[in-house]
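Take any residue in the sequence shown, note its place counting from 1, add 853, and you have its number in our numbering.
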Amino acid sequence: MSTTAELLKGAAELFPDEVVTQAHVRHLDLPGGAGRFALITLDNGLDHTKPTTIGPQSLANLNAAVDQVEKEASEGAVVGVGVTGKPFIFAVGADLKGVELLKQHSDALAIGKGGHDVFKRLSGLAVPTFAYYNGASMGGGVEIGLHCTYRTVSKAIPAFSLPEVFLGLVPGWGGCTILPNLIGADRAISVIIENSLSQNKQLKGSQVFELGIADAIFEGADFLEQSLLWTASVLKGEIVVERADVDRGEAWDQAVARGRFVADSKVHGAAPAAYRALDIIEAAKDGDLQKGFDAEDQALADLIMGGELRSGIYAFNLVQKRAKRPAGAPDKNLARPVTKVGVVGAGLMASQLALLFLRRLEVPVVLTDIDQERVDKGVGYVHAEIDKLLGKGRINQDKANRLKALVTGVLDKAEGFADADFIIEAVFEEMGVKQKVFAEVEAVAPAHAILATNTSSLSVSEMAAKLKHPERVVGFHFFNPVAVLPLLEIVRGEKTDDASLATAFGVAKKLKKTAVLTKDAPAFVVNRILTRFMGEIQNVIDEGTPVATAEKAIEPLGLPMSPLVLLELVGPAIGLHVSETLNRAFPERFKVSENLAAVVKAGKRGFYVYDSGRPELDPEVAALLKQGDTVLTEEQVRDRVLDAVAQEIGLMLEEGVVAEAQDIDLCLITGAGWPFHLGGITPYLDREGVSQRVNGKPFLAPGVASVPA
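Here it is in structure tokens:
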């Protein structure tokens, strides 16, 4: 049987590029004569922008540090052992770059077992152990602390989580087993399942303490000092840590049932990680930790060798890395400064944009519209949103006053835009209206000003065609709600020059948006794919498949909402408008549904009513539907929809709408909330064989979002 050291040595050889974390041991005398103490500090030698991670060599280093303190503890040389991190970072978990490289189930099993073997030594020492969560703590970092006897947490921690389920893993170094035994199953499920599946929601320091994960909480400024004072009091018996009893009866079973309900509502059985985590939590009810650790090892190895995790890591890398270096963006040094922003329109979308520019750029923002009432309403919306931020304590009174003073509204574009550097229109989605607006703006704006359009589907080149300077027009397409969805499609028109494009990318970065460069093609990226996707579902309904069957067919994808609920969110009229735009461009693939047109004409907000709290087909909509007699099964619907999407993506890549399939996935994840476990969409289409069936080849090279060959 391999020793831990041999396991880790073998794993380290598979991962030569690991950013290695050291485990430095130093000794200090605790206050009040409490005794000699060993403190292990986890540090990768880089600043806080490169958080500490745990790969095989890092685990080996921690193992060696534990060898040392174990000897000291057994000899009575120390009264306790603590673990903390470098400034602002405790540790943010396993190094995913290493996980990507694993090709064998046995290697994956070794990673799980290696982590357990090292961490559980912390709970087996002859003296009490203490974890001091001083900064960001995630995944394996959190789990190191769970193996300790006591934990303290800094009030200043911005991010604490077990995010594994979000990526397609389980907390596999003790999290699934120890956490429910520490704080109860229900709270553990909130952290492991619910938060992970809610876009990887993070806990703050105060929440970590309130949940009972930490035994004490201290201010960030003197966190370690206060933690050591507390430690001394615990060791001297002056403080006795009391923890609430864990209910191992019906409450545990109810918590697991709630977890399954949460998982079903989020991923609809489409991704296995949440269910594997719940199985381990369910089995942890009897408190047998070793049995739980063995189950974690097995789940970890199975999931590491599965497609969902590889898609999850691929998606994570897209959002963390590719998003920061947009493919095809011009040299950022060409960008011009933006010291004032103009917004044409003062409706809801325009007002949301004005608020975003105001908050992120902190420059004057001026709105215009066709009458004073609309202008006042737009400015009023921005002021009200600033007041909400003030009320929540997100900004102080000075900042609120300053922001309110920066936003104004005028009727006269010449007065508003004469000194603006960046002017964006958010008016009615009709080409004639947009061209008229741009002609008016060009007549009064300075020569260097960027003219941006928030169009969702119209041609940017056509919009600019009648202007004297079409080179400064750029598509700047946001997604609703603007404050929530990170994507910004930046569209290069036929005449758009590099300086205008670079300025647009510079502004996007300041807005903290994920910018993706797209060619000026109908509906750009997200709306084109979603319209083809929704259009195919509408087609099968029109041909005769019941609405419920068509909707249920898509559940195995685990999308955030069903297609017809999404249509309701977008608005049937907008959906119809985009389908008409695409029908003009590609009539053979994009039909305009007469049923959808009838729903819009009847003024319906969607296909459903919610009288019972659940979506049910609106009887008035049902009466409008004219269906054929071709009834498909769920599987037939799913095949047809996925084939259509694969075909459309293949054509978009041939047309050069974006640089690579990776950009399609980045757009769907950040602009439409498509899940990480799909990797956007192309890894799923590859994995299910759809890409090969439709296009004769996969979208991605082997190993990019799959297990390397």
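A virtual CB, placed ideally from N, CA and C, is assigned to each residue, including glycine.
inquiry  = If we require 4 or more residues per run, which alpha helix (DSSP H) segments fall completely within the segment 1229 to 1312?
reply    = 1250 to 1259, 1266 to 1270 and 1284 to 1297
query = Are any of the Cβ atoms in chain D nearer than 7 Å to that of Cys-1029?
reply = Reference to chain D is not applicable here, since this structure consists of a single protein chain.
ask   = The alpha helix (DSSP H) spanning Phe-1340 covers which residue range?
value = For the purposes of this step, residue 1340 is taken as the residue at position 487 of the sequence shown. Reading the sequence as shown, one finds Leu at residue 1340 and not Phe. Looking at the DSSP string, Leu-1340 is not in any alpha helix (DSSP H); the run it does join, the beta strand (DSSP E), is 1340 to 1345.
ask   = Alpha carbon to alpha carbon, how far is Thr-1030 from Asp-1106?
value = Locating residue 1030 in the sequence shown gives position 177, counting from the first residue. Locating residue 1106 in the sequence shown gives position 253, counting from the first residue. For Thr-1030 and Asp-1106, the distance between alpha carbons rounds to 15 Å.
request  = Label Arg-1546 either buried or exposed according to how many other C-beta atoms from any shown protein chain fall within 10 Å of its C-beta, with 16 as the threshold for buried.
outcome  = Within the sequence shown, residue 1546 is the residue found at index 693, counting from 1. Exposed is the call here.
request  = Kindly indicate which residue of His-969, Leu-1162 and Phe-1386 has the alpha-carbon position closest to the one of Ala-1558.
outcome  = Translated into the one-based positions of the sequence shown, residue 1558 becomes position 705. The candidate whose alpha carbon is nearest that of Ala-1558 is Leu-1162.
query = Should the segment 1351 to 1366 be regarded as contacting the segment 1456 to 1476, the criterion being three or more beta carbon pairs within less than 8 Å?
reply = no
ask   = Between Pro-884 and the rest of its own chain, which residues show a CB-CB distance below 7 Å, the 5 nearest in sequence each way excluded?
value = One-based indexing of the sequence shown puts residue 884 at position 31. So the qualifying residues of the chain are Leu-1081, Leu-1082 and Ala-1085.
Separation of Val-919 from Leu-851, as counted between CA atoms = The structure shown does not extend to residue 851, since the chain spans only 854 to 1562, so no value can be given for it.
Close Cβ partners of Ala-930 (< 7 Å) along its chain, the five nearest in sequence each way excluded = Along the sequence shown, read from residue 1 onward, the residue named residue 930 stands at position 77. Within the same chain, Ala-930 has close Cβ partners Arg-889.
message = Using only the alpha-carbon positions, how far apart do Glu-1282 and Ser-1309 sit?
response = The residue you call residue 1282 lines up with position 429 of the sequence shown. The residue you call residue 1309 lines up with position 456 of the sequence shown. Taking the straight line joining both Cα atoms gives about 8 Å.
ask   = Going by the CB atoms, is the gap between Ala-1317 and Gly-1285 shorter than 7 Å?
value = For the purposes of this step, residue 1285 is taken as residue 432 along the sequence shown, with counting starting at 1. For the purposes of this step, residue 1317 is taken as residue 464 along the sequence shown, with counting starting at 1. Cβ atoms of Gly-1285 and Ala-1317: not closer than 7 Å.
inquiry  = Can you tell me whether His-1000 is helix, strand or coil according to DSSP?
reply    = Looking up residue 1000 in the sequence shown gives position 147. DSSP places His-1000 in coil when its eight states are reduced to three.
task = Identify whether Gln-875 lies in helix, strand or coil by the three-state DSSP scheme.
result = Along the sequence shown, read from residue 1 onward, the residue named residue 875 stands at position 22. Here Gln-875 sits in strand by DSSP.
message = Taking 8 Å as the cut-off, does the segment 977 to 989 touch the segment 1164 to 1178 (at least 3 CB pairs, one atom from each stretch)?
response = no
ask   = Can we say the segment 1461 to 1472 touches the segment 1348 to 1360, given the rule of at least three CB pairs closer than 8 Å?
value = no
Start-end ranges of the alpha helix (DSSP H) lying completely within the segment 1381 to 1456, minimum 4 residues = 1400 to 1405, 1416 to 1423, 1425 to 1438 and 1447 to 1454
Whole-angstrom distance between Leu-1521 and Leu-949, CA atom to CA atom = In the sequence shown, counting from the first residue as 1, residue 949 sits at position 96. In the sequence shown, counting from the first residue as 1, residue 1521 sits at position 668. If I take the Cα positions, the gap works out to 22 Å.
ask   = What are the start and end residues of the alpha helix (DSSP H) that includes His-969?
value = In the sequence shown, residue 969 corresponds to position 116, counting from 1. 958 to 972 is the extent of the alpha helix (DSSP H) around His-969.
key: Beta-carbon spacing of Gln-910, Glu-871 below 7 Å   = If you number the sequence shown from 1, residue 910 lands on position 57. If you number the sequence shown from 1, residue 871 lands on position 18. For Gln-910 and Glu-871, yes; Cβs fall inside 7 Å.
request  = Count the other C-beta atoms from every protein chain shown that fall within 10 angstroms of the C-beta of His-877, then say buried if there are 16 or more, exposed otherwise.
outcome  = The count along the sequence shown starts at 1 and reaches residue 877 at position 24. Exposed: under 16 other Cβ atoms inside 10 Å.
query = In three-state DSSP terms, what is Lys-1372?
reply = The residue labelled residue 1372 in the question sits at position 519 within the sequence shown. If DSSP states are grouped into helix, strand and coil, Lys-1372 belongs with the strands.
message = Tell me the residue span of the alpha helix (DSSP H) that contains Thr-1523.
response = Here residue 1523 corresponds to residue number 670 of the sequence shown, with the count starting at 1. Thr-1523 -> alpha helix (DSSP H) spans 1514 to 1524.
request  = Would you mind listing the alpha helix (DSSP H) stretches within the segment 916 to 957 that are 4+ residues and don't spill past its ends, in chain order?
outcome  = 949 to 954
Contacts around Leu-1022, its chain only, beta-carbon distance under 7 Å, and the 5 residues preceding and following it disregarded = On the sequence shown, residue 1022 is found 169 positions in, with the first residue counted as 1. Answer for Leu-1022: Ala-1126, Leu-1153, Leu-1156 and Leu-1162, listed in chain order.
Contacting residues, own chain, Cβ-Cβ under 6 Å from Gly-1025 (five flanking each side not counted) = Residue mapping note: residue 1025 aligns to position 172 of the sequence shown, counting from 1. Same-chain partners within the cutoff: Gly-965, Glu-1149 and Leu-1153.
ask   = Using DSSP with H/G/I as helix, E/B as strand and the rest coil, what is His-1330?
value = For the purposes of this step, residue 1330 is taken as residue 477 along the sequence shown, with counting starting at 1. Strand at His-1330.
inquiry  = Does His-1530 come out as helix, strand or coil in the three-state DSSP assignment?
reply    = As a first step, residue 1530 is located in the sequence shown; it is residue number 677 there, counting from the start. His-1530: helix per DSSP, three-state reduction.
request  = Report the residue from Ala-1137, Gln-1500, Glu-1091 and Val-1196 whose alpha carbon sits nearest the alpha carbon of Glu-1268.
outcome  = Residue 1268 sits at position 415 when you count from the first residue of the sequence shown. Per the Cα distances, Val-1196.
ask   = Is DSSP giving Leu-1022 helix, strand or coil here?
value = The residue you call residue 1022 lines up with position 169 of the sequence shown. Three-state result, Leu-1022: coil.
task = Can you tell me which of the three DSSP states Ile-893 falls into?
result = The sequence position of residue 893 within the sequence shown is 40, counting from 1. In the structure shown, Ile-893 sits in a strand (DSSP, three-state: E or B).
inquiry  = Please report the distance separating the alpha-carbon of Ser-1432 from that of Lys-1457.
reply    = The residue given as residue 1432 occupies position 579 in the sequence shown. The residue given as residue 1457 occupies position 604 in the sequence shown. If I take the Cα positions, the gap works out to 17 Å.
key: the ligand COA heavy atom lying under 6 Å from the CB of Cys-1520   = Because no ligand of any kind appears in the structure shown, any question about the ligand COA cannot be addressed here.
task = Could you tell me whether the Cβ atoms of Thr-874 and Thr-894 are closer together than 7 Å?
result = Within the sequence shown, residue 874 is the residue found at index 21, counting from 1. Within the sequence shown, residue 894 is the residue found at index 41, counting from 1. No; because the gap between Cβ atoms is not below 7 Å, this pair is not in contact.
query = Alpha carbon to alpha carbon, how far is Val-1452 from Asn-1034?
reply = Walking along the sequence shown from the start, residue 1452 turns up at place 599. Walking along the sequence shown from the start, residue 1034 turns up at place 181. Between Val-1452 and Asn-1034, the C-alpha separation is close to 53 Å.
message = Suppose the cutoff is 6 Å on Cβ atoms and the five residues either side in sequence are ignored; what does the same chain contact list for Ser-1314 look like?
response = Walking along the sequence shown from the start, residue 1314 turns up at place 461. Contacts found: Gly-1346, Glu-1347 and Asp-1373.
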